[in-house]
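In what follows, a structure is listed as structure tokens, so that the remarks can point back to it.
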Amino acid sequence: MIKTLQRRFALSRQHSFDAYCKRILKNESSDYHRRMNVLRQYEIPFSMLPQGTLAQLAVWDEYFKDTYRFEARGFEIFIADGLLAEALKTLPKDRLEIILLYYFLGMNDPEIAAHLNLLRRTVAYRRTSSLQELKKFMEGNADE
């Protein structure tokens with residue numbers, strides 16, 4: 001008799017747990033459908049958007065298209081502006097390297113001087129004179 005009661009109690013616990021699990025699944029399902037209905041009121045599928053709106057949302061990656069490659073101390077630097085790239089090509093190699101290290105790699109004059117085994121003052125002079133040359137070149141060729 002005690003074993004029968006224990007079995008009934010165990011069976012009752014199984015049925016209670018089973019009913020609990022089914023209730024949880026039913027409630028989760030109804031919550032999911034309720035959330036989906038709310039989202040449908042505010043969201044529009046991409047297929048329903050007009051072409052003009054889709055064009056505004058589009059992003060086109062360029063991946064080095066129309067870029068110019070320069071190298072300074074083993075670092076590759078890509079420049080997208082054609083006029084700037086042409087101006088940089090006119091500089092001598094040592095001055096080009098100073099400009100690239102300073103403006104594109106973020107080094108300061110003492111760091112550049114240490115890399116190139118030059119005096120800091122020499123680096124500063126070459127950088128400023130190179131900037132003047134670049135400015136003249138770009139002002140003269142800005143119309144093209």
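Under this note's numbering, the letters of the sequence shown match residues 1 to 144, in that order.
Idealized CB from N, CA, C, for every residue including glycine.
At which residues does the beta strand (DSSP E) containing residue i begin and terminate?
{"i": "Y103", "result": "Careful: Y103 lies outside any beta strand (DSSP E) and carries neither H nor E."}
{"i": "Y63", "result": "That residue, Y63, is in no beta strand (DSSP E); it is neither H nor E in DSSP."}
{"i": "E71", "result": "68-72"}
{"i": "F78", "result": "75-79"}
Considering residue i, what are the terminal residues of the alpha helix (DSSP H) in which it resides?
{"i": "I112", "result": "109-116"}
{"i": "R145", "result": "Nothing in the structure corresponds to residue 145, since the chain is present only between 1 and 144."}
{"i": "E86", "result": "82-89"}
{"i": "L54", "result": "51-57"}
When you compare each of the options to residue i by their alpha carbons, which one comes out closest?
{"i": "A58", "options": "D66, F46, R69", "result": "F46"}
{"i": "L116", "options": "R13, R95, S129", "result": "R95"}
{"i": "E76", "options": "L100, S30, I44", "result": "L100"}
Drop a sphere of 10 angstroms on the beta-carbon of residue i, count the other beta-carbons inside from all chains shown, and report buried for 16 or more, exposed for fewer.
{"i": "R23", "result": "exposed"}
{"i": "M36", "result": "exposed"}
{"i": "D109", "result": "buried"}
{"i": "M48", "result": "exposed"}
Nearest-angstrom Cα distance between residue i and residue j?
{"i": "G140", "j": "A113", "result": "31 Å"}
{"i": "P50", "j": "P92", "result": "53 Å"}
{"i": "Y103", "j": "W60", "result": "27 Å"}
{"i": "V38", "j": "S30", "result": "12 Å"}
With C-beta atoms as the reference, is residue i less than 8 Å away from residue j?
{"i": "A80", "j": "D66", "result": "yes"}
{"i": "Y63", "j": "A85", "result": "no"}
{"i": "M138", "j": "A87", "result": "yes"}
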